[in-house]
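Participant: Take the sequence shown: its position 363, counted from the start at 1, is 347 in the numbering used here, and no numbers get skipped.
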Amino acid sequence: MSQKWNLQDIRPAEPRKRRTPSKRPSETESDSNQAAMHESREDIPSVVIENGTESNTKNIVLAIVFFFVIVGGAIGLSAMLGKTELTIYPENREPTISAEFTAFPDKRENALSYEIMTLEATSESQVSASGQVEVEEQATGIIEIVKTTPGAERLIKNTRFRSPDGFVFRIQESVVVPGAIKDETGASVPGRIQAEAFADEVGEEYNLEANTKFDIPGFEEGGFTELYQAISATNEQALTGGFSGLQFQIDEDELATARQAVQIELRDTLLARIEAEKPSDFFAFPGSIAIVYNQLPAVEYGTDLVTIREQAILQIPLFQSTEFATYLAREAIATYEGGPVRIDDPTLLSFNYSKPTSSASIIANEPSLTFTLSGRPLLIWEYDTEKLKENLAGLPKTAINNAISSYTGIEAARVRITPFWQRSFPDDPEEIIIIEKLEQDLI
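1. Quick check on K91: does DSSP put it in helix, strand or coil?
2. Taking Cβ to Cβ, would you say R314 is nearer than 9 Å to Y320?
3. At which residue ranges does the region 166 to 231 contain complete alpha helix (DSSP H) runs of 4 or more residues, listed in the order of the chain?
4. On the three-state DSSP scale, how would you describe K131?
5. Between E350 and P174, what straight-line distance do the alpha-carbon atoms span, to the nearest angstrom?
6. Looking at the strands, I want to know which residues DSSP matches up with W365.
7. Between I275 and L298, how many whole angstroms is the CB-CB distance? I'm expecting something under 8 Å.
8. Between the region 99 to 119 and the region 157 to 168, do three or more beta carbon pairs fall short of 8 Å?
9. Nearest-angstrom Cα distance between V130 and A217?
10. Secondary structure at F441, three-state DSSP: helix, strand or coil?
11. Using alpha carbons as the reference points, say which of T354, F182, Q213 and I300 lies closest to P134.
12. What does the alpha-carbon distance come out to for the pair S228 and T310?
13. Between which two residues does the alpha helix (DSSP H) harbouring N336 extend?
14. Over what stretch of residues does the beta strand (DSSP E) that includes R400 continue unbroken?
15. Can you give the Cα-Cα distance for S408 and K67, rounded to whole angstroms?
16. Taking the straight line between their C-alpha atoms, what separation do you get for Y98 and Q178?
17. If you check the beta carbons only, do R138 and F198 fall under 9 Å apart?
18. L230 to Q122, Cα distance in whole Å?
19. Just verifying my parser: in three-state terms, what is the DSSP assignment at S459?
20. How many angstroms separate the CA atom of A181 from the CA atom of D412?
21. Should A87 and A95 be called a contact, given that it needs their Cβ atoms to be closer than 9 Å?
22. What whole-angstrom Cβ distance do F266 and S305 have, given they're in contact under 8 Å?
23. So the candidates are M101, L70 and T80; which of them puts its Cα closest to the Cα of E259?
24. Name the one or two DSSP bridge partners that T354 has.
25. Is it true that the region 187 to 194 meets the region 370 to 379, where meeting means three or more beta-carbon pairs spaced less than 8 Å apart?
26. I need the straight-line Cα distance from D235 to V290, nearest angstrom please.
27. Would you mind stating whether I155 and N142 have Cβ atoms separated by less than 9 Å?
28. Taking C-alpha atoms, which residue in L192, V119 and D237 lies nearest to L428?
29. Measure the C-alpha to C-alpha separation of D167 and D90 and round it to an integer number of angstroms.
30. Helix, strand or coil for I234 per DSSP?
31. If distances are taken between C-alpha atoms only, which option among L70, T106 and E104 comes closest to E420?
32. With DSSP collapsed to three states, give me the class of E120.
33. Could you tell me which residues DSSP puts in a beta bridge with G378?
34. Between I347 and the rest of its own chain, which residues show a CB-CB distance below 6 Å, the 5 nearest in sequence each way excluded?
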């Protein structure tokens, strides 16, 4: 009988343990060498291999961004710092002037006019006294006579003027008071003239303060009511010099020297005030000054010293700048066709009175002034700068030629606008800078 075998009969009762094959000596040594090599490779710096195409793309992008930042910043800065300069070349001439002229205190057609500026100052100095003498002095000064109705009126020498307190002054010379006239608006402008006046009696009580009002009692007494009401006078400066009593006696030579020094000081003081006190649109010629000096009563200073006092009254005709230059252009330039003109430097003209005595008199009393002028002044045509800027604001740069054609006083113009891509004037007129140059700068 054949023997039958079960499956368990052919499998071990316990699972076998798998034996790990032992390494051969050569394999162990090889593994050690590989480990050592691996450790040594860790000490070697690693090399990163990048994609060159991707790196170049990033650099190009950064460069483009950087370029636009720089260019954009430059454009923005240029726009902020940009400016518009308009160089104007006005018409100008240098005529030779050598002639006699007559000017008037009131405006007349095609005639030269002026205004009188009056300045006053007093000064003093101490000198030695040699004794005392009895002195009687009358107060003196300048009054301005005004007439409020039309028609001139002559006032004879010694015409009386009365203050509200009854103090009477008389004018030293006969004067003709101009009548009132109508101005451009139709309003009545009183006629005015100045005159030297002196007190009717001696004494300090006649030393009246400035702006005292006077009437003419003779008109009231004679029944000339209309003239009495129309003509009056005031004194812009105090009336001084009135004295009655003992006055110190001083050596004549010493007194003359001291007074001369005081007068020079007064003259310098008044000359320094002219430029500061005259209106800005008027000018004056140094040679047109007229000065009158008045001696004031001396007073005691210590036991043997006397204070001498001197008064100086300076008057000078003022000429309106544009009116005077335009008058010269009309008289001296044959091609002049009108338009306002200014004198670049009036001191290039020499001024001299035709009457030598004018420089030591009250020229405000004169009905006119006659003088000679000589020199080569530079006359420059004027134009309205503000109007020109307003006309150009917002227009293309090329509009400058048409714009200046309507200004007769402009011969040429040049425009410089930055940044360079700006092709028009700014909308704000104040951003347009006007620079004035003369014709020779075009060459």
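Note that the Cβ used here is the ideal one computed from N, Cα and C, for glycine as well.
Facilitator: Short version:
1. coil
2. yes
3. 201 to 205 and 209 to 214
4. strand
5. 17 Å
6. V325
7. 5 Å
8. no
9. 6 Å
10. Beyond the ends of the chain as shown, which are -15 and 427, falls residue 441; an answer cannot be given.
11. Q213
12. 54 Å
13. First-last for N336: L333 to Y337, but that is the beta strand (DSSP E), not the alpha helix (DSSP H).
14. I394 to I401
15. 11 Å
16. 15 Å
17. no
18. 15 Å
19. In the structure displayed, the chain extends from -15 to 427; residue 459 sits before or after that span and is not available.
20. 59 Å
21. yes
22. 7 Å
23. M101
24. T86
25. no
26. 11 Å
27. yes
28. Since the first residue shown for the chain is -15 and the last is 427, residue 428 is missing from the structure and cannot be characterised.
29. 11 Å
30. coil
31. L70
32. strand
33. None; G378 has no bridge partner.
34. A274 and Q299
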